[in-house]
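Taking this note's numbering, the leading residue of the sequence shown gets 199, the next gets one more, and so forth.
The next block holds one structure in the form of structure tokens; read it before the comments.
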Amino acid sequence: MRIDFLTLFPDLCMNVMRESVIGRAVEKGLIDVACHNIRDYTENRQKQVDDAPFGGGMGMIMQAQPIYDCYRAVEAMDPRPCHLIYLTPQGKTLTQQRAVELSAMPRLALLCGHYEGVDERVLEELEPEEISIGDYVLTGGELPALVLADTVCRLVPGVLADDVCFTEESHFSGLLEYPQYSRPRVWRGREVPAVLLSGHHKNITAWRQEQSLLRTRQKRPDLLAKKPDADPD
Ligand code: ADE
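Here it is in structure tokens:
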């Protein structure tokens, strides 16, 4: 998979993508990451990327031309089809299910907006998928793009040690993950549940499934309501 960030802050994106689990996946060549400065595609001497909104109002609008030219240049850098995503609070909220679908695509390009938004005409022209990371507003699209890239990249085969890492975790099956414990067996008088020390794999699996359901009912009952196969009691 290849991910291109189209941004005014390429170093911010690259620095995050170089760290930790995703950074190791980039080093191993499992993911290709490139960050492009939209400002490099301006046609004016001042390298200005924004202007005041027609009709008046607060803030500045990112102009269509540098975004358009940046995307067309990025698209041409690799022959594989490129799926363009614009990070915006107006988009559909990102879900684990959509992350799974995106992780199967050969190329993603993430357009990060800034200021008060981007000129509508570039969205009409490029028709990106619009994705939000939640119903709150950030100062720019870089953090949402990094959130999306992180959740998608960890689903690319080989990035995590084992596929079980994500098939058993919260949201994969529409439920929250069961509680986890490590050494010591007793900490501040709190014991690890006996079943986990029993070595009885069937019982452990059954206990974990039950805990998953219980947790979801307690912490996120809205998830159960969305899940047609979950037992409501
Ligand atoms: N840009 C600003 N806020 C955002 C959000 N919540 N999701 C995606 N992009 C954004």
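Here a beta-carbon is modelled for each residue, glycine too, at the ideal position from N, C-alpha and C.
Source: prediction; values computed, not measured.
- Closest option to residue 329, judged by alpha-carbon separation, among 379, 347 and 313: 347.
- Distances between the C-beta of residue 331 and the heavy atoms of the ligand ADE include at least one below 8 angstroms.
- For residue 312 and residue 374, the gap between their C-alpha atoms comes out near 34 angstroms.
- Residue 340 holds the alpha-carbon nearest to the alpha-carbon of residue 236 among 230, 215 and 340.
- For residue 267, the enclosing alpha helix (DSSP H) stretches over residues 262-273.
- About 7 angstroms separates the CB atoms of residue 200 and residue 304; that is less than 8 angstroms, so the two are in contact.
- Apart from sequence neighbours up to five positions away, the residues of its chain that approach residue 393 with a beta-carbon distance below 7 angstroms are 401, 402 and 405, ordered along the chain.
- In this structure, the alpha-carbon of residue 297 lies about 34 angstroms from that of residue 246.
- Under the 8 angstroms Cβ criterion, the stretch 283-302 does not count as touching the stretch 226-236, having fewer than three qualifying pairs.
- With a 10 Å radius around the Cβ and a threshold of 16 neighbouring Cβ atoms, residue 252 comes out exposed.
- According to DSSP, residue pairing for residue 235 in a beta bridge involves 205.
- Comparing C-alpha distances from residue 202 to each of 355, 386, 299 and 310 shows the shortest one belongs to 310.
- Inter-residue distance for residue 300 and residue 410 is about 26 angstroms (C-alpha atoms, whole angstroms).
- The DSSP-derived three-state label of residue 348 is helix.
- Under the three-state reduction of DSSP output, residue 378 falls in the coil class, being neither helix nor strand.
- No Cβ-Cβ contact shorter than 9 angstroms links residue 260 with residue 250.
- DSSP lists 384 as the beta-bridge partner residues of residue 389.
- Between the ligand ADE and the CB of residue 336, the shortest heavy atom gap is smaller than 8 angstroms.
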